[in-house]
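The next block holds one structure in the form of structure tokens; read it before the comments.
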Amino acid sequence: MGFCSNFSRPATPGKVTASFNICNDAEPVSPTLSSTCDLQSPDYTTQNAPHTDITPSHNNMTLHMALPENQYPVIDYTSGGVQEFTESLAGLKRRKREWVIPPIYFPENHRGPFPNEMVQIKSSHAKETKMIFSITGEGADKPPVGLFTINKTTGWLSVTKPLDRETKDKYVLQAHSIAADGEVKEGPMEIILCVIDQNDNMPIFTQNPFLGSVPEASLKEFEFMTVTATDGDDPETDNADIRYSIISQDPPQPDPHMFAINSITGGIRVNSDGLDREVRNYPEYTLLIKAADLAGNGLVSTGTAVITVTDSNDHCIKSASVFGFKCVEFQTVLNNKVGAVVVKLPVTDGDEPQSPAWIAKFRIISGNNGGFFAINTGPNKQEGIITTVKVLQSLIGSLVWREYGTSTATVIVNVQDVNEAPVFDPEEQIISKPEDLEVGTELTVYTATDPDTARVQIVTYRVSSEDPAGWVSVDRDTGLIRVKSSMDRESPFVKDGKYKVLILAVDDGPVPATGTGTLVIELEDVNDNAPVIEEREITVCNKDPVTVLVSVTDKDGPSFAAPFTVELQGEKTGIILALNTALKKGEYSVVLRVFDSGLHFQDNTIRASVHDCAGEELQYMNNYFCLRI
1 MGFCSNFSRP ATPGKVTASF NICNDAEPVS PTLSSTCDLQ SPDYTTQNAP
51 HTDITPSHNN MTLHMALPEN QYPVIDYTSG GVQEFTESLA GLKRRKREWV
101 IPPIYFPENH RGPFPNEMVQ IKSSHAKETK MIFSITGEGA DKPPVGLFTI
151 NKTTGWLSVT KPLDRETKDK YVLQAHSIAA DGEVKEGPME IILCVIDQND
201 NMPIFTQNPF LGSVPEASLK EFEFMTVTAT DGDDPETDNA DIRYSIISQD
251 PPQPDPHMFA INSITGGIRV NSDGLDREVR NYPEYTLLIK AADLAGNGLV
301 STGTAVITVT DSNDHCIKSA SVFGFKCVEF QTVLNNKVGA VVVKLPVTDG
351 DEPQSPAWIA KFRIISGNNG GFFAINTGPN KQEGIITTVK VLQSLIGSLV
401 WREYGTSTAT VIVNVQDVNE APVFDPEEQI ISKPEDLEVG TELTVYTATD
451 PDTARVQIVT YRVSSEDPAG WVSVDRDTGL IRVKSSMDRE SPFVKDGKYK
501 VLILAVDDGP VPATGTGTLV IELEDVNDNA PVIEEREITV CNKDPVTVLV
551 SVTDKDGPSF AAPFTVELQG EKTGIILALN TALKKGEYSV VLRVFDSGLH
601 FQDNTIRASV HDCAGEELQY MNNYFCLRI
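So the sequence shown is numbered by full-length UniProt numbering: it starts at 1 and just counts up by one.
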């Protein structure tokens, strides 16, 4: 219990005496009935008297100020009894007092009866005139309205129903007093009412159940999860001081105290060795947790923590019993293909299925010097699949493979020879030849070799059906390729000036094997195509004739095409070239000889239709020449 004051004028040394008369349902517990202190400075001075409980409606505490009455105002405060202002300044007008009134404390959950008197407000003017008291503020005329009332004649401040600290822990009121005749009016006095907490809220777990996990290989004292609870009571008191403990563990094996809990933080840790989800088959534990306030001696609530024991890689991979031994020999015939499966090696693992510790990984640790093989984990995660990564020759190899962990096994692979197809070198041969070579001309020799060196086999050659134009032939024994029929660079079978032929090489094995090679002939252009006039009919007027444009094309390449020249052929060409008089309407044939840049020519006949008209321009957009008729 404290006393706090603030004077507006400097104080002179004096004494303050606090006298206590404390009563309760139990025996008085305050050993100090009065206390006196010297007031040596104008600053705040606090004098404390030890106590544990106060009954608001009975106990009394009076402060007596031994100060000069002609200088300082005095406040008399009776806790649970009287709160009184006195004014002894004779002949002086009233001024605003600056006393700081200590808060009033009242317990929550009071059982009444109600209204229940808490404190009495008195005025020093009550001896001279009748004073009327009133209150304003929280719980009076502001929500919750009517929680506090005051007897307007006696000044007793009362509470009308039980208070709840968890709803509101403090109320600020203003006490007012005025003379009945209105001549004397006291300034408002602030009253702070603090609600005393009671332990009326039990701890509540923030979730239930709590879910956690711990690796089975965890060591003692390893903390892996935390449980928490909250308490609605005053956090500054023991009412909200929570302690945690474990009530039970299910299953209790292999030790009923496999886990321990930090009583203050709620952290759960490993307390004993023996976590094993496979051998002992205890993959999950359920703990019943107690949370108690008053530092473990108050209200109690319980919750659960479900702990999953997760798998650790504590079991070695073992080769499956289907092998019988750690060394296995395979007699395998391979078709000389990359990616061929040599063998599948099943294994077993005692760790949790589908967990990372259960999934097998493999590697070859010896016997793969040539880099012919690779081993990968199969789709079921419990087998190693050995495949080829290079073309195999006839060999006998011994591979030692290892699953990641500790287990190893040896696989002996016997690779038997098979009849392999002849191989052309290069796989695609490119030659350049003129397109006008005569039939029977030798183009090139294109041969293949047989990789089966241990066998004596004869390789023969032929042209496949992929010779669309039928232009080449191949000698069966030597691979000599000749021109079979005239080639033409302008043929639709030629793409970008290249003609491709597929050549076959076949050995004479019991089951013949066939290899293929591609011959690419780059055809060199020759001037074997004359220019051609595209327009074979023209229309002209017999009066004021104009230039007629006709287009010319040449299938040869640019070096043998434009520019073009033209000559008129026939007995009447002079008439057409120099049309001095108008021609009669009718149809005329005109023979034109067109030359390309290599002077290769061709006669072209066009049909001219003459009409009775005056001038007309005909344009043909392409390669063209101008013909004046």
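For every residue, glycine included, the Cβ atom is placed at its ideal position computed from N, Cα and C.
What you are looking at is a predicted structure, and each value in this text was computed from that prediction instead of being measured.
In the DSSP assignment, the residues bridged to E138 are K142. Bounds of any beta strand (DSSP E) do not take in A295; it lies within the alpha helix (DSSP H) bounded by D293 to G296. D231 and D293 do touch by the CB rule: their CB atoms are close to 5 angstroms apart, below 8 angstroms. Straight across, the Cα-Cα distance linking T286 with V306 is about 5 angstroms. Note on geometry: alpha-carbon atoms of R489 and E524 lie some 7 angstroms from one another. N604 sits buried, since 16 or more C-beta atoms from the chains shown fall within 10 Å of its C-beta. In this structure N239 is buried. Its beta-carbon is surrounded by 16 or more other beta-carbon atoms within 10 angstroms.
DSSP places A260 inside the beta strand (DSSP E), whose first and last residues are F259 to I261.
In the structure shown, the three-state DSSP call for D508 is coil. Restricting attention to beta strand (DSSP E) runs no shorter than 3 residues, the stretch 430 to 476 encloses them at 442 to 445, 460 to 463 and 472 to 474, ordered along the chain. Annotation for Q174: the continuous beta strand (DSSP E) segment containing it runs K170 to A179. Ranked by Cα distance from D169, the options F205, P103, K185 and I135 are led by P103. Each of L437, A505, S177 and I606 was checked against the Cα of S124, and the nearest Cα belongs to S177.
When C-beta atoms of the stretch 431 to 440 are compared with those of the stretch 476 to 487, three or more pairs fall below 8 angstroms, so the two segments count as touching.
Across the structure, K220 and D273 are spaced so that their CA atoms are roughly 7 angstroms apart. Beta-bridge partners of P107 (DSSP): I196. In this structure, the straight-line span from the alpha carbon of V591 to that of K584 is close to 19 angstroms.
V594 and E587 have their C-alpha atoms spaced approximately 22 angstroms apart. T388 and G370 have their C-alpha atoms some 11 angstroms from each other.
Between E108 and I242, the CB-CB gap reaches or exceeds 8 angstroms. Around the beta carbon of K122, 16 or more other beta carbons lie within 10 angstroms, which makes this residue buried. The C-alpha of T206 lies about 20 angstroms from the C-alpha of A260. Pairing V159 with G187, the inter-Cα distance amounts to about 23 angstroms.
Taking a contact to require three or more Cβ pairs closer than 8 angstroms, the stretch 415 to 430 and the stretch 501 to 512 qualify as touching. Taking each of A448, V494 and L502 in turn and checking the Cα distance to T478, the smallest one comes out for A448. If you draw a 10 Å sphere on the C-beta of E428, you find fewer than 16 other C-beta atoms in it, and that means exposed. The bridge partners DSSP lists for G586 are V610. For S213, the enclosing beta strand (DSSP E) stretches over residues F210 to P215. I606 places its beta carbon 8 angstroms or farther from that of I521. Between Q354 and the set P379, K185 and R165, the nearest pair of CA atoms involves P379. According to DSSP, residue pairing for A229 in a beta bridge involves F205. Under the DSSP assignment, A374 falls in the beta strand (DSSP E) whose first and last residues are F373 to T377.
Of the residues assessed, R111 falls on the exposed side of the cut-off, its CB having fewer than 16 other CB atoms within 10 angstroms. Comparing C-alpha distances from G339 to each of F362, I364, N368 and I375 shows the shortest one belongs to I375.
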